[in-house]
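Residue numbers (the numbering used here): 1313 to 1915.
C-beta: ideal position from N, C-alpha, C; glycine also.
Okay, structure first, notes after.
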Amino acid sequence: TENGKPKKYISIKLDPARLPEIPLPRPAYEVFVYSPEVEGVHLRNGEIARGGLRWSDRREDFRTEILGLMKAQVVKNTVIVPTGAKGGFFPKHPPEGDRDAILANGIHCYKMFIRGLLDLTDNVIDGEVVTPERIVRRDGDDPYLVVAADKGTASFSDIANGLAAEYGFWLDDAFASGGSAGYDHKKMGITARGAWEAVKRHFHEMGVNTQKDPFTVAGIGDMSGDVFGNGMLLSRKIKLVAAFNHRNIFLDPDPDMAASFKERQRLFRKPGSSWEDYDKALLSKGGGIYSRQSKTIRLSPEVRALLDTVETSMQPDKLIRCILRMQVDLLWNGGIGTYVKASAESSADVGDRSNDAVRVNARDLRCKVVGEGGNLGLTQLARIEYSLAGGRINTDFIDNSAGVDSSDREVNIKILLSDVTKAKGMSRKKRDELLASMTDDVAELVLRNNYLQTQSISMSEIRSVERIDEIAQLITNLEKTGLLKRDLEYLPDETEIDERRNLKQGFTRPELAVVLSYAKIDLYGGLIDSGETLEDFLIVDPLRYFPGVLRRRFLEFIPGHRLSRQILATLIANDLVNRMGPAFVKRVQDDTGADVVTIARAY
């Protein structure tokens, strides 16, 4: 009840492991929030788990949407401390038409959803775990609930943190990262900068320096978007020849690099800009900006040459399919939606109805490199098909992991500083100033992770043909322990591995990205579950996780951090697997019979 009256919603916490009828993968924890106004679900893969909350538009199957995103978050979160989580809510009676009224209703529903989650979450008071009043609890202590921004909720972090303060929740404004006293992803450009590390590596391995050599780009998104906008300002050598978003199609067959860079910068800085705001006088001969609502679009001779077509006009959907399949150095995805599937997949397999009309098959892509700033731009089978045909691609969870990495560091830095505040009486103003002063240091630590993960995939790829048996054995081992489900992750079965062996083909980068992540999850789990102390690793590696200023000023607080053990296990797993490859630990275990902590210590 609230003020003596029944609440307008009900929330229920479930244990999915004990529900045999629900689809795989089964989350470790699930909370369902229901009211006549809103429904929502929050899925966590483990006790310490994090991920965004999205404003869903899929009334019939929003749980399916959130489950798919949680699964992706689990592998994405291998670079950071906790495992993956995802939440989503669906406003059931949004007002018609008026954007402000729709937003106000969305915020009202979001608040109800957050309250539903906090109602069932244990708190920490003076170091003790406390269960909320009037709750029947059948699970153990479970006080870790962290949320983040996602589609539709990018500006809601302060709202969530306000509710955490109202509930007296122990995480305070570490509850929702990216609020006014947090790291603003768009200002930092961190997600795009992380994905750009992957792009730079692909091109570097082809002998191209993206910061010095001109290269052509086709893009999904527009300059007001965080990932697209920041990404298209990361090199002055970008020749953006084509792009589209949900409203417009942009074509510039032979752009002036300096002038177009300056114009993209102007649009990025202009709030709510779209392609229609681009100065048409700056477009090269034959270029144009067109509405996706047009019946047909006339194609200039220059555009026909760019797209390699003889047709003089096209419907917008067909034009977008041509852009996706055009010959270009880089396809940069900074948008929302799945635009590429494998030839063997149907549109129903993809589960993104709004883009069925523009989707293409991976074998028809003619770009040299794909940079995945956005989520789920290609299906995993599409990535594999494109790779087998010689394309260069990782996966979305590798390319765009910098955003979650930076949010995670924000949360863990705030947890550390909350201990400092209690012990030393640091004011909120001083804490906020310290947080802001570390922005560049946090970005550097995060980008280092992107650099090392993509390097590790490249190293595995180089030896992939000669070490195919070793990776195949690792996949089998991970399946036996129940950690990995091969078909859920689209990894090849024994027959296909035999075929590749005969064709002298190894595993593709997208497959190696999955194997790499599961090797880290496996090692992390082994370290956490070992029951052995990991404190001696603090001496070898004095928590490079935190910026230098924190290590210098507050070193004595680091070992007592509430997630110190999890942070150490993550650092060790990342370091070891990135340097030695995914199969190293299992190989040493087979050779020596040693446990994972002993192997990590020896390493």
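Any 3 or more C-beta pairs closer than 8 Å across the segment 1783-1790 and the segment 1894-1911: yes
Sufficient close CB pairs (3 or more, under 8 Å) joining the segment 1714-1721 to the segment 1463-1481: no
Residue range of the alpha helix (DSSP H) that includes LYS1551: No alpha helix (DSSP H) contains LYS1551, which is instead part of the beta strand (DSSP E) from 1550-1556.
Residue range of the unbroken alpha helix (DSSP H) whose run includes LYS1898: 1896-1904
Whole-angstrom C-beta distance between MET1424 and GLU1349, which should lie under 8 Å: 7 Å
Cutoff 7 Å; reference GLN1639; Cβ partners in own chain excluding five residues on either side: ASP1620, ARG1678
Beta-carbon gap between ALA1486 and VAL1723 smaller than 8 Å: yes
Secondary structure of TRP1482, DSSP reduced to three states: coil
Helix, strand or coil at THR1793 according to DSSP, with G and I counted as helix: coil
Selection from VAL1520, ASN1762, ARG1775, GLY1380 that minimises the alpha carbon distance to SER1713: ASN1762
Extent of the continuous alpha helix (DSSP H) to which LEU1757 belongs: 1751-1774
CB of ILE1532 within 8 Å of CB of GLY1663, strictly: no
Spatial distance of ASP1454 from ALA1654 (CA atoms): 41 Å
Buried/exposed call for LYS1512, threshold 16 Cβ in 10 Å: buried
Distance CB(LEU1839)-CB(ILE1884) smaller than 8 Å: yes
Inter-residue spacing [alpha-carbon to alpha-carbon] between LYS1404 and ALA1660: 25 Å
Separation of ASN1886 from PRO1871, as counted between CA atoms: 19 Å
Where PRO1332 falls, given that 16 or more other Cβ within 10 Å makes a residue buried: exposed
PRO1403 - DSSP class collapsed to helix/strand/coil: strand
Test item: CB-CB of ILE1769 and ARG1821 under 8 Å: yes
C-beta atoms of GLY1363 and LYS1325 nearer than 8 Å: no
Secondary structure, beta strand (DSSP E): runs of 3+ residues fully inside the segment 1448-1515: 1458-1460
Residue range of the unbroken alpha helix (DSSP H) whose run includes PHE1819: That residue, PHE1819, is in no alpha helix (DSSP H); it is neither H nor E in DSSP.
DSSP-derived helix/strand/coil call for MET1544: coil
Cβ-based neighbour list, ARG1449, same chain, cut-off 6 Å, excluding 5 preceding and 5 following: THR1443
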